[in-house]
Amino acid sequence: MLLALPALVLVVGNLFAAAQVIGFIGARYRDVEPLVAAIMPMLFFLTPVLYESRQLGPIKEVMLFNPLAHWITIIRDPMMGDVPSLISYLVVVGTGIALWIAALWITGAKGARLPYWM
């Protein structure tokens, strides 16, 4: 259960960076809003939110390629009494680093133009 708290902090930090990147892109290109609205329901069903990847049987290895599945796994597994795999932590940290680099770059490079896009 205690592993869920640092995982929650890690995921919330990553989501902040993801929201910043998507927000900048959405402010610049108005067509991103309907695109995100169309993709979110698909991501909900492709990511093990309502089910565990163990329930998929022989195709559970496909979930290794879904980074959002790892984000959910590092929070859910400690609450269920399991220890998340090291691969899940590495994927979450790796995607977090990539998102923060993108967020910092886009803020530095395009932050001054943001008021013109609004």
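If you want our numbering, it's the 1-based position in the sequence shown plus 492. All C-beta atoms, glycine included, are put in the ideal place defined by N, C-alpha and C.
Quick one: what does DSSP say residue i is sitting in, helix, strand or coil?
i    : result
V541 : coil
Y581 : helix
V558 : Looking at the sequence itself, residue 558 is Asn, so the reference to Val does not match. Coil at N558, not helix or strand.
L606 : helix
P526 : helix
D569 : helix
P576 : coil
M534 : helix
According to the neighbour-count rule (16 or more other Cβ atoms, all chains shown, within 10 Å of its Cβ), is residue i buried or exposed?
i    : result
M532 : exposed
F516 : buried
M555 : buried
A561 : buried
V513 : buried
Can you tell which of the options has the C-alpha that lies nearest to the C-alpha of residue i?
i    : options             : result
V501 : Y581, R605 and L606 : Y581
L507 : T599, A595 and R605 : A595
W563 : P550, G549 and S545 : S545
Near residue i, what residues of its chain come up, given a Cβ to Cβ distance below 8 Å and the 5 sequence neighbours on each side ignored?
i    : result
S577 : T565
V584 : A499, L502, V503, N506, P559, H562, W563 and I566
Excluding five sequence neighbours on each side, which residues of the same chain lie with their C-beta closer than 7 Å to the C-beta of residue i?
i    : result
G505 : G588
A496 : I567, P570 and M571
If you follow the alpha helix (DSSP H) that residue i is part of, which residue opens it and which one closes it?
i    : result
R520 : A496 to R520
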